[in-house]
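Engineer: Residue numbers (the numbering used here): 3 to 176.
Take a look at the following structure, please.
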């Protein structure tokens, strides 16, 4: 008995449809697992100091205090600018987000770093959905795994700096 191979040709669409190795539920379960692992990797010991090897200069990219100073000033003293360092002029959206988090959850490393952690989870999801739309579900899952488990990206996402939120909004714009 000969078995005729199934064709991927869709007569209505007139094009070849990609075949799925797994079902939609499997991909959603895998995506959920990747997001949970990525989240847990970022919140584990969230108040620990970042590695010193993340910056190649005098730490302008890892100085959390400089990134959140205006939001702290607004919460503590009611004014955005208490000195000559107007960080809000560089990134007002990030500063306003930090202010809202500080106002609701209080000041501290955990609350400041939670903004980056939530943005990192959003980045993992956007990477998945953008790659799924432009490439395939396998590529999307692989990209999400890379975004969730990259050591340098994890360490950067655990800090109260603006890079992760900027990447989130760039992907949101795409």
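By construction, the Cβ of each residue, glycine as well, lies at the ideal position given by its N, Cα and C atoms.
From a predicted model like this one, the values you see are computed outputs, not experimental measurements.
For residue 87, is the classification buried or exposed, using 16 other Cβ atoms within 10 angstroms of its Cβ as the cut-off for buried?
Structural biologist: Burial call: exposed.
Engineer: Measure the CB-CB distance between residue 150 and residue 37 and report whether it falls below 9 Å.
Structural biologist: Yes, the Cβ-Cβ distance between residue 150 and residue 37 is below 9 Å.
Engineer: Am I right that residue 128 and residue 173 are in contact with their C-beta atoms under 8 Å? What's the rounded C-beta distance?
Structural biologist: Going by Cβ atoms, the distance from residue 128 to residue 173 rounds to 4 Å, so yes, they are a contact pair.
Engineer: Within 10 angstroms of its Cβ, does residue 106 collect 16 or more other Cβ (buried), or is it exposed?
Structural biologist: Exposed: under 16 other Cβ atoms inside 10 Å.
Engineer: Taking only the alpha-carbon atoms, compute the straight-line gap between residue 97 and residue 136 and give it to the nearest angstrom.
Structural biologist: Approximately 33 Å, taken between the alpha carbons.
Engineer: Measuring alpha carbon to alpha carbon, tell me which of 28, 39 and 27 ends up nearest residue 153.
Structural biologist: Minimum Cα distance to residue 153 is reached at 39.
Engineer: Look at the Cβ atom of residue 125, then the Cβ atom of residue 163, and state whether they are nearer than 9 Å.
Structural biologist: Going by C-beta atoms, residue 125 is not nearer than 9 Å to residue 163.
Engineer: Thinking C-alpha only, which one of 146, 81 and 50 is nearest residue 66?
Structural biologist: Cα-wise, what sits closest to residue 66 is 50.
Engineer: Quick check: what's the CA-CA separation for residue 171 versus residue 44?
Structural biologist: Their Cα atoms are separated by approximately 19 Å.
Engineer: What are the uninterrupted segments assigned as alpha helix (DSSP H) that are 4 or more residues long and contained completely in the region 82-110, given in chain order?
Structural biologist: Here the runs fully enclosed are 94-107.
Engineer: Would you please state the rounded distance, in angstroms, between the beta carbons of residue 117 and residue 100? I believe it to be under 8 Å.
Structural biologist: Residue 117 to residue 100, Cβ: 6 Å. Contact.
Engineer: According to DSSP, is residue 164 helix, strand or coil?
Structural biologist: Coil.
Engineer: Nearest to residue 95 by alpha carbon, out of 85, 111 and 72?
Structural biologist: For the residues 85, 111 and 72, the minimum Cα distance to residue 95 belongs to 72.
Engineer: What are the boundary residues of the alpha helix (DSSP H) that residue 30 is part of?
Structural biologist: It spans 26-45 - the alpha helix (DSSP H) in which residue 30 sits, taken as one unbroken run.
Engineer: In terms of alpha-carbon separation, which member of 35, 48 and 148 lies closest to residue 114?
Structural biologist: Comparing Cα-Cα distances from residue 114 to each of 35, 48 and 148, the minimum goes to 48.
Engineer: Taking the C-alpha atoms as reference points, what is the distance between residue 142 and residue 30?
Structural biologist: The straight-line gap from Cα to Cα measures roughly 11 Å.
Engineer: For residue 109, which residues from the same chain have a beta carbon less than 8 Å from its beta carbon, with the 5 sequence-adjacent residues on both sides left out?
Structural biologist: These residues qualify, in order along the chain: 74, 77 and 78.
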